[in-house]
Amino acid sequence: MNCDFLARWYRWLEYAAFGGALRRRREAFLFELGNPQKVLVLGDGDGRFLQLFTALYPEARVDAVDSSEKMIELARARAPRVTFHLADAREFAFEEQYDLAVAHFFFDCFETEELTPLLGRVRTQKWLVSEFRNTRWSRPSVRGLYFFFRLTTGLRVTMLPDHRAVLEKLAFRMEKEEKELKGMVASELWIRS
Ligand SMILES: C[S@@+](CC[C@H](N)C(=O)[O-])C[C@H]1O[C@@H](n2cnc3c(N)ncnc32)[C@H](O)[C@@H]1O
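If you count by my numbering, then the sequence shown holds residues 720 to 912, one letter each, in order.
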């Protein structure tokens, strides 16, 4: 998947398709994270979440990993304090122990079989996640989204992975959950049991 072509338009496409719903999902639980000192953000895209997070948590040291150069360029302008890593998260060596790891609309770029080893390598106490969900009525829209991303970024995945099963296997328990758009998008806060 290469998001370079989409980067500048990503924000506007998101607003056109979902209004403020994805933004609200990313911002859910932002005031319920305790006092994270070491934070990892995977695939934040154009940096809107990082901008807000670093303003709210000025003490936190934040690593962000993204495979799109253009996305990182936009994110760096919004959140200059963050340490950015231009890398494929599947190959990145996560050396730190994190208080919090964040993945907003990122797990959907992978198959469950790819997520299992990736998440297994991230050492963190908490996961803050936003993601699409399949419901009876959301299924066609999710399929449409995958088709759009296949055309514009070359994404090869065609269905949502079961990230909740992966996190449960890694001994995380979902502490908070909030849904929107009739369950099509959800925010989740996971704590290591
Ligand atoms: C669908 S966008 C989500 C962006 C943002 N987090 C949001 O909430 O809208 C996925 C992001 O993950 C990045 N990404 C996709 N596959 C990746 C990979 N294998 N390693 C690192 N970043 C990746 C893309 O470049 C993009 O910035």
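Think of the CB as a built atom: it goes at the ideal place given N, C-alpha and C, for glycine as much as any other residue.
For clarity, every value in this text was computed on a predicted model and none was experimentally measured.
Quiz prompt | Where the alpha helix (DSSP H) containing Q756 begins and where it ends | solution = Note, Q756: premise wrong, no alpha helix (DSSP H); not H, not E.
Quiz prompt | Exposure label - K845; buried when at least 16 CB within 10 Å | solution = With 16 or more other Cβ atoms within 10 Å, it is buried.
Quiz prompt | Collapsed DSSP secondary structure at R743 in the structure displayed | solution = When secondary structure is reduced to three states using DSSP, R743 falls in the helix class.
Practice problem: Taking only the alpha-carbon atoms, compute the straight-line gap between R840 and S860 and give it to the nearest angstrom. | Solution: Going by the C-alpha atoms only, they are around 32 Å apart.
Quiz item: Which ranges does the alpha helix (DSSP H) cover as unbroken runs of at least 4 residues, wholly within the region 790-853, from first to last along the chain?
Solution: Counting whole runs of 4 or more residues, the region 790-853 contains the alpha helix (DSSP H) stretches 831-839.
Quiz item: Under 9 Å, do A820 and V904 count as touching if we go by C-beta distance?
Solution: With contacts defined by Cβ atoms closer than 9 Å, A820 and V904 do not form a contacting pair.
Quiz prompt | Within the region 849-908, ranges of the beta strand (DSSP E) (whole runs, at least 3 residues) | solution = Within the region 849-908, the complete beta strand (DSSP E) runs of at least 3 residues are 891-899.
Quiz prompt | Rounded C-alpha distance that separates L793 from F768 | solution = Rounded to whole angstroms, L793 to F768 spans 12 Å at the Cα level.
Quiz prompt | Nearest-angstrom Cα separation, counted from F866 out to R855 | solution = Spanning the two alpha carbons is a distance of roughly 18 Å.
Quiz item: Does the beta carbon of G739 fall short of 8 Å from some heavy atom of ligand 1?
Solution: No; taking the cut-off as 8 Å, the Cβ of G739 has no heavy atom of ligand 1 nearer than that.
Quiz item: Are V784 and L834 closer than 9 Å when you measure CB to CB?
Solution: Not in contact: V784 and L834 (Cβ atoms no closer than 9 Å).
Exercise. Quick one: grab the DSSP three-state call for A779.
Key: Here DSSP, grouped into helix, strand and coil, assigns A779 to coil.
Practice problem: On a CA-only basis, which of D881, R883, L879 and I910 is nearest E675? Give me that one, please. | Solution: This structure cannot speak to residue 675, because the chain is shown only from 720 to 912.
Quiz item: If you draw a straight line from the alpha carbon of E751 to that of A890, how long is it in whole angstroms?
Solution: Using only the alpha carbons, I get a separation of about 20 Å.
Quiz item: Any heavy atom of ligand 1 within a distance shorter than 8 Å of the CB on G903?
Solution: Position check: residue 903 holds Met in this sequence, whereas Gly was assumed. No.
Quiz prompt | Identified DSSP bridge partners for L725 | solution = Beta-bridge pairing links L725 to no other residue.
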